[in-house]
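K.L.:
Sharing a structure here in structure tokens format.
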Amino acid sequence: MKNRANEIDFREVVNSWYLQNKRDLPWRRSSDPYRIWLSEIILQQTRIDQGLPYYLRFIKTFPTVFDLAEASEQQVLKLWQGLGYYSRARNLHYTAKEVAYEMEGIFPKSFSELKKLKGVGEYTASAIASICYGEAVAVVDGNVYRVLSRYFGVDTPINATEGIRYFKELATRVLDLEHPGDYNQAIMEFGAMQCKPQLPLCASCGLQISCVAFQLQRVDKLPVKLKKNKIKKRYFNYIVLLDHQHTLLQARTKKDIWQHLYQFPLVESNDNLSLDELTKKEDFLDLISGKSYDIRLFNPKVSVHKLSHQHIYTQFWIVELKEPIPNGIHRKNIREYPVPVLIANFVKDFGL
DNA sequence: AACTCGGGGTT
DNA sequence: AACCCAGAGTT
């Protein structure tokens, strides 16, 4: 059973810590739901340092929800390139069009209506509703899980149904009903800067005395998270077709990573391939379809692109054709296409 | 309820 | 190498 006095103490310490330590971030200078929504989508599973330049570019390119709605999906994905979790960008664009064309550019004004928007879940709906409209709904993100689990000494796993429900209730209990928007940002900022995942600043923490995890020396054990699945290895052979001025890009359409981004024609295999093995593959032969070509391996040292759940071993094969590439694109236009970082790095290194 | 979706920062 | 990040959608 939790101590009511501790909960009040917790709230006040967090609020006063925030007044002293909060960063001056651009979306904190506004309560425009478009800007708050945009910032929250960009920051899903993304550190502020990584998302901030994207936010600035999006606001500059698309000052209003109408500007974003009128853009092409490819333009939105291109601006999103490098941020990852690309379905966020597609949902962002979808919702911009919905708000612009079906809601007259006005965002919904309650948690429950906001949550109906594509790409807006529990967390994001709570954030927008509390920050923009003062609705008393608690956010629960990775920071909140960490701060609450440590301070109240809760070892229920945060990524299973029971823990998700428990921490939502706890977060709601300690929410500052007078200033929910500022308080929500305060507890997240506190988690990001003070109660950090590793090497938290307990020595200078105003909550140290009443922090259960600190008193029990369990800070480094909380929060508890159930095991992650292991990393899958994949082997990609990208076929970089070249004629005088062109190359070939293809969209990724399968339900897989990088859906709707572009790449060179891909031959995926179960292991690294030699030149002989590659040139016997059906996918490769279909692509070449009897044309004469010169081929060389761009990176004899296989590059490894590491994603959260996949390690992708990649070889780039440069294939020069004497005749024009069917459906090829001008090399100079390659920058118009949204591509994974793996491809962008190659384009840069190769000098395409 | 478990899986999937990126890329980068911190130890 | 392991863990995490202002999570959401799908199966």
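Residue 352 is where the first sequence ends in the UniProt record's numbering, and the numbering goes up by one at each step. Beta carbons are placed, not taken as given, at the ideal position from N, Cα and C, and that holds for glycine.
Do you know offhand how far Cys205's Cα is from Val140's?
P.N.:
21 Å
K.L.:
Does Thr156 come out as helix, strand or coil in the three-state DSSP assignment?
P.N.:
coil
K.L.:
Using CA atoms only, rank isn't needed, just tell me which of Gly290, Arg88, Val240 and Asp283 is closest to Val347.
P.N.:
Val240
K.L.:
My output table needs one value for Asp294: the three-state DSSP class, helix, strand or coil.
P.N.:
In the structure shown, Asp294 sits in a strand (DSSP, three-state: E or B).
K.L.:
Roughly how many angstroms separate the alpha carbons of Gln215 and Leu19, rounded to a whole number?
P.N.:
26 Å
K.L.:
Take Leu297 as the anchor and find which of Leu68, Tyr238 and Ser130 has the nearest alpha-carbon.
P.N.:
Ranking Leu68, Tyr238 and Ser130 by Cα distance to Leu297 puts Tyr238 first.
K.L.:
Whole angstroms are fine: how far does the CA of Lys233 sit from the CA of Lys115?
P.N.:
36 Å
K.L.:
If distances are taken between C-alpha atoms only, which option among Gln74, Leu321, Lys228 and Glu122 comes closest to Gln310?
P.N.:
Lys228
K.L.:
Could you tell me the distance, in whole angstroms, from the CA atom of Glu40 to the CA atom of Leu222?
P.N.:
25 Å
K.L.:
May I ask you to verify whether the stretch 10-18 touches the stretch 79-90, counting CB pairs closer than 8 Å and requiring at least 3?
P.N.:
no
K.L.:
Measuring CA to CA, which of Ser303, Leu321, Val319 and Tyr293 is closest to Tyr313?
P.N.:
It is Ser303.
K.L.:
Alpha carbon to alpha carbon, how far is Pro340 from residue 381? Give it in angstroms, no decimals.
P.N.:
As displayed, the chain neither begins before 1 nor continues past 352, which places residue 381 out of reach and without an answer.
K.L.:
If you reduce the DSSP assignment to three classes, tell me which class Glu268 lands in.
P.N.:
strand
K.L.:
Between the beta-carbon of residue 354 and the beta-carbon of Glu189, is there less than 7 Å?
P.N.:
Any answer about residue 354 is impossible in this case: the structure gives the chain only from 1 up to 352.
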